[in-house]
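Peer 1:
Numbering (this note's numbering), first residue to last: 8 to 285.
In structure tokens:
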């Protein structure tokens, strides 16, 4: 054991002489890293991780695309836009099984065994790696029949005179928080209908039940077909991102890397075809 310790010390000293820098602080009881030693160690660790990832990537290039992907995604976006993308991916790679769990709550990818999550809006976890798929916004809208005999609201306070449909999945709790003239505003709607689905809020608005505040990708087709009318001038048009997020690139499976690249290409193609979500 003493021989091994002496050999280790000799290697450390040789490295320090080669670098012309002290890497370790030694005492009779402890050995700790100097600041330069910490920097050197962290950089070496990163290089080793990069080498592991490169080797894994090379092996993956010759692997057959098989196995399972577990994905967490918001409900309405998945039903309207993710489903056809997943269907096409499965057509191309039928040996990959996909478990798609739909929920309008954020899951911690470091705690739950998902390979990937689809996130809409601001990303708060800096440890996640994100690939942008698309952008959208949120709009106030109502049916032409509802607005026929009512004055359309021109500001937030006018909502007090209207029937409102509130989607409780919004991250701001019980409030709408639109941007008005560049400033964030708060309005707590006295809703006649409270639902936990943007798609249901849209359908209730189409039925003439009141005014809804919905993601534009949910109501875009209904507005284009005149089943809904966007109520302008109340809030600024504020864009938000739609992302594919995952916890780390390290040891990423070939199937996950391929699926993420496929999603990015799929939504890019849809955008160029005029099917963008904005």
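A virtual CB, placed ideally from N, CA and C, is assigned to each residue, including glycine. Nothing here was measured: the structure is a model prediction, and the numbers come from that model.
#1: From which residue to which residue does the beta strand (DSSP E) around residue 265 run?
#2: Which runs of the beta strand (DSSP E) at least 3 residues long sit entirely within the segment 79-129? Give them in chain order.
#3: In terms of residues, what are the limits of the alpha helix (DSSP H) holding residue 230?
#4: Would you list, in sequence order, the uninterrupted alpha helix (DSSP H) runs of no fewer than 4 residues that lie entirely inside the segment 132-203?
#5: Helix, strand or coil: how does DSSP classify residue 39 here?
#6: Residues in the same chain with beta-carbon distance under 7 Å from residue 191, minus the five sequence neighbours each way, listed in chain order, please.
#7: The alpha helix (DSSP H) with residue 213 in it runs from where to where?
#8: For the structure I just gave you, are there three or more beta carbon pairs, one from the segment 141-157 and one from the segment 107-117, closer than 8 Å?
#9: For residue 245, name the three-state secondary structure that DSSP assigns.
#10: Please name the residue, chosen from 136, 186, 85, that lies closest to residue 109 on a Cα-to-Cα basis.
#11: Using the Cα positions of residue 8 and residue 259, report the straight-line distance between them to the nearest angstrom.
#12: Figure out for me which residue from 238, 45, 98, 111 has the closest Cα to the Cα of residue 266.
#13: Let me know the secondary structure DSSP gives residue 50 once reduced to three states.
#14: Taking the alpha carbon of residue 218 as the reference point, which residue from 224, 255, 228, 197 has its own alpha carbon closest?
#15: Are residue 95 and residue 78 touching if we call contact CB-CB under 8 Å?
#16: Less than 8 Å between the C-beta atoms of residue 229 and residue 209, yes or no?
#17: Can you find the residues in the same chain that come closer than 7 Å, C-beta to C-beta, to residue 269, ignoring five residues on each side of it along the sequence?
#18: Following the continuous beta strand (DSSP E) through residue 31, name the residue where it begins and the one where it ends.
#19: Look up residue 77 in the DSSP assignment and say whether it is helix, strand or coil.
#20: Would residue 205 and residue 221 be called neighbours here (beta carbons separated by less than 8 Å)?
#21: On the premise that residue 211 lies in contact with residue 172, defined as a C-beta separation below 8 Å, what is that separation, rounded to the nearest angstrom?
#22: What's the C-alpha gap between residue 20 and residue 49?
#23: Tell whether a beta-carbon distance below 8 Å holds between residue 125 and residue 253.
#24: According to DSSP, simplified to helix, strand and coil, what is residue 23?
#25: Determine the direct distance from the alpha carbon of residue 167 to that of residue 178, and round the result to whole angstroms.
#26: Could you check the C-alpha separation between residue 101 and residue 93 for me, to the nearest Å?
Peer 2: Taking the definition as stated:
#1: Not the beta strand (DSSP E): residue 265 falls in the alpha helix (DSSP H), residues 261-277.
#2: Fully enclosed beta strand (DSSP E) runs of 3 or longer: 103-109, 123-127.
#3: Membership of residue 230 in the alpha helix (DSSP H) is indicated by the continuous run 223-231.
#4: 151-155
#5: strand
#6: 184
#7: 205-213
#8: no
#9: If DSSP states are grouped into helix, strand and coil, residue 245 belongs with coil.
#10: 85
#11: With a pLDDT of 48 at residue 8, under the threshold of 50, the modelled position of that residue is not reliable, and no figure is offered here.
#12: 98
#13: helix
#14: 197
#15: Taking the C-beta atoms as reference points, residue 78 is found no nearer than 8 Å to residue 95.
#16: yes
#17: The answer, listed in chain order, is 96.
#18: 31-33
#19: strand
#20: yes
#21: The Cβ separation is near 5 Å, so the contact holds.
#22: 19 Å
#23: For residue 125 and residue 253, no; Cβs fall outside 8 Å.
#24: helix
#25: 22 Å
#26: 11 Å
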